[in-house]
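Engineer: Residue numbers (my numbering), protein chains in the order written: chain P, 1 to 202; chain H, 203 to 404. The structure's right below; bear with me while I get my questions together.
There are 2 protein chains.
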Amino acid sequence: MGTTERRERERKEMRDLILEKAMELFLSEGYENVSMRKIAEAIEYSPGTIYLYFSDRDEIIFALHLMAFQKFYKALSVMAGDGDPWERLVKGGGAYIRFAIANPGLYELMFIMNSPAKTIKAKDKWEEGLNSFGLLSDTVQECVDSGKFPAETDVPTAALYFWGMCHGLVSLAIRNRLPMIPKSQIRGVLESAFNFGVAKMG
Amino acid sequence: MGTTERRERERKEMRDLILEKAMELFLSEGYENVSMRKIAEAIEYSPGTIYLYFSDRDEIIFALHLMAFQKFYKALSVMAGDGDPWERLVKGGGAYIRFAIANPGLYELMFIMNSPAKTIKAKDKWEEGLNSFGLLSDTVQECVDSGKFPAETDVPTAALYFWGMCHGLVSLAIRNRLPMIPKSQIRGVLESAFNFGVAKMG
DNA sequence: CCATTCTCTGAACGGTGTTCAGAGAAAACA
DNA sequence: TGTTTTCTCTGAACACCGTTCAGAGAATGG
């Protein structure tokens with residue numbers, strides 16, 4: 001009786017279809033301009049159907065936020081490896097900034113929007129975020145081990161500093177708080193600021 | 203004929219009343235949980251009346267964002283003065299972080315929310331933000347002049363770096379991306395990260 | 001006292017997220 | 001096969017939202 005298996009497969013396919021179309025709409029129209037009805041229209045089902053696969057709008061956004069993290073983690077993986085850890089750390093920061101500027105919609109989902117934060121708070125943990133933070137912490141640890149950073153360095157603090165610096169720069173840009181910088185120059189300016197910071201550290 | 207003057211005064215009083223009650227509601231219930239109807243109820247007028255004083259919801263939020271900047275600019279003024287510029291810069295960063303943690307609602311308004319950004323983009327300038335950024339830039343310039351920073355330092359780049367670092371730390375906290383840190387310790391942790399950064403620079 | 005100007009109301013419009021009784025198809029059982 | 005059960009899906013309905021606007025009523029000016 002393969003019925004149950006087929007049902008499960010079809011259920012997953014429907015979830016994937018909803019997520020795919022929702023992501024398409026969100027990225028092209030902006031998160032606040034996409035309603036459940038519009039998603040329903042895009043998948044050619046009635047609005048009620050979506051609620052048979054997701055409990056509410058936030059659950060869709062949380063699922064998309066997980067998908068964004070997969071892509072993000074890959075982009076950040078240039079930081080892993082066995083070269084000089086300081087060089088990898090700097091490379092990771094550059095990759096972080098480029099990813100955010102190239103994928104502002106995904107970045108918002110992961111690090112700015114309120115909606116996923118509600119679920120993070122409710123679950124009281126955030127594996128996806130902490131995985132990426134772990135990658136960063138490991139690299140910072142290696143910088144301590146290799147003597148690049150002083151032995152008494154508190155690794156979580158140093159990693160948070162590094163993350164905060166990158167996040168601050170890109171989130172100011174994404175939320176339009178740098179209107180004095182022409183859009184075409186944003187990436188370069190952020191990278192300069194980042195380089196200023198790492199030059200001071202290095 | 204003092205009628206016109208009285209009318210103008212009453213008009214201003216009504217605008218202030220709306221802003222005051224709106225701010226109260228926003229800070230206590232959160233921005234997305236306050237509707238125009240709720241504001242109308244708070245001021246004891248019908249919803250339509252608000253639109254005689256503000257063209258739409260975004261205009262209210264933009265006006266509140268200006269009020270937030272007044273308070274913020276004052277808090278940041280510890281950075282001005284005539285002591286050692288580097289010391290003032292560090293003090294300014296500390297004030298920035300403390301202000302944001304103590305007034306997350308105001309901070310969101312100024313640096314995170316989308317709504318004021320629309321108006322900033324429409325007006326294509328942002329005096330209030332640039333005033334505060336100017337305060338920072340001036341202090342960085344004085345660090346260059348006093349020899350604390352190398353003469354070839356690009357001041358806007360260094361200032362942006364400093365801003366980004368502070369903004370990144372607090373906005374991660376405000377948007378709940380640091381669930382691994384207990385709320386009571388957030389401020390201390392952010393300050394440690396900030397100190398790690400300035401120690402590297404100083 | 002009348003005409004004008006101004007303020008304010010509240011119903012209405014077209015949207016929103018979400019729920020749920022009931023229709024109809026598919027599967028399981030006899 | 002026919003019958004019963006299980007499952008999927010619909011779409012109207014609910015309670016909200018931001019915003020508009022004809023018209024009521026008061027204040028002002030002549």
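We put the CB at the ideal spot given by N, CA and C, even for glycine.
#1: Closest by CA to H/Leu-337, which one among H/Leu-254, H/Tyr-255 and H/Ala-282?
#2: With distances taken Cα to Cα, identify the nearest neighbour of P/Met-180 among H/Thr-359, H/Pro-249, H/Thr-206 and H/Lys-293.
#3: Can you tell me the Cβ-Cβ gap for H/Pro-318 and H/Phe-264, rounded? I've got them flagged as a contact below 8 angstroms.
#4: Hey, how far is the Cα of H/Ile-245 from the Cα of H/Lys-273?
#5: How many whole angstroms separate the CB atoms of H/Val-372 and H/Ile-322, which I take to be in contact at a CB cut-off of 8 angstroms?
#6: Residues of chain P with a CB under 8 angstroms from the CB of H/Pro-287: which are they?
#7: Which chain H residues are close to P/His-65, counting only those with a beta carbon under 8 angstroms from its beta carbon?
#8: Kindly list, in the order they appear in chain P, the residues whose Cβ is closer than 7 angstroms to that of H/Met-382.
#9: Can you pull the chain H neighbours of P/Tyr-53, defined as C-beta to C-beta under 8 angstroms?
#10: Find out if the Cβ-Cβ distance for the pair H/Ser-339, H/Ala-361 is shorter than 8 angstroms.
#11: Which word fits P/Thr-139, buried or exposed, when buried means at least 16 other C-beta atoms lie within 10 angstroms of its C-beta?
#12: For the alpha helix (DSSP H) containing H/Ile-299, name the first residue and the last one.
#13: Consider the Cβ of H/Ile-322: report whether some Cβ of chain P lies at a distance smaller than 8 angstroms.
#14: Would a C-beta distance cut-off of 8 angstroms place P/Gly-203 and P/Phe-196 closer than the cut-off?
#15: Going along the chain, which residues of its own chain have a beta-carbon closer than 6 angstroms to the beta-carbon of P/Val-189, five neighbours each way excluded?
#16: Contact check, P/Met-67 vs P/Leu-19 under 8 angstroms by CB: the rounded distance?
#17: Just to confirm, is the Cβ distance from H/Leu-254 to H/Gly-307 under 8 angstroms?
#18: Over the uninterrupted alpha helix (DSSP H) stretch that includes P/Ile-61, give me the two end residues.
#19: Taking DSSP as the reference, what is the three-state secondary structure of H/Thr-206?
#20: Give the residues of chain H in contact with P/Thr-157, contact being defined as C-beta atoms less than 9 angstroms apart.
#21: So what does DSSP say about H/Met-382, is it helix, strand or coil?
#22: Smallest Cα separation from P/Ile-60: which of P/Val-78, P/Asp-154, P/Ser-35 and P/Lys-91?
#23: By the three-class DSSP mapping on this structure, what secondary structure does H/Pro-352 have?
#24: With 8 angstroms as the threshold, decide whether the Cβ of H/Arg-379 is near any Cβ in chain P.
#25: In whole angstroms, what separates the C-alpha of H/Tyr-309 from that of H/Ala-302?
#26: Check whether the Cβ atoms of P/Pro-165 and H/Gly-250 sit closer than 8 angstroms, and answer yes or no.
#27: Does P/Asn-114 get closer than 8 angstroms to chain H when you measure Cβ to Cβ?
#28: By how many angstroms is the C-alpha of H/Lys-214 removed from the C-alpha of P/Leu-172?
#29: What residues in its chain sit with their C-beta under 6 angstroms from that of P/Leu-178, if we drop five residues either side in the sequence?
#30: Go through its chain and collect everything with a Cβ distance to P/Ser-146's Cβ below 7 angstroms, but skip five positions before and after it.
Structural biologist: The relevant details are as follows:
#1: H/Ala-282
#2: H/Thr-359
#3: 5 angstroms
#4: 24 angstroms
#5: With a Cβ gap of about 20 angstroms, H/Val-372 and H/Ile-322 do not count as contacting.
#6: Neighbours of H/Pro-287 on chain P: none; closest Cβ ~16 angstroms, over 8 angstroms.
#7: Neighbours of P/His-65 on chain H: none; closest Cβ ~11 angstroms, over 8 angstroms.
#8: Leu-130
#9: Chain H residues near P/Tyr-53: none, gap ~24 angstroms exceeds 8 angstroms.
#10: yes
#11: buried
#12: 287 to 304
#13: yes
#14: This structure gives no information on residue 203 of chain P, because the portion of chain P shown stretches from 1 to 202.
#15: Ile-181
#16: 7 angstroms
#17: no
#18: 57 to 76
#19: helix
#20: Val-391, Ser-394, Ala-395, Asn-397 and Phe-398
#21: coil
#22: P/Ser-35
#23: coil
#24: yes
#25: 6 angstroms
#26: The sequence shown places Met at residue 165 of chain P, not Pro. Contact: no.
#27: yes
#28: 33 angstroms
#29: Leu-172
#30: Pro-85
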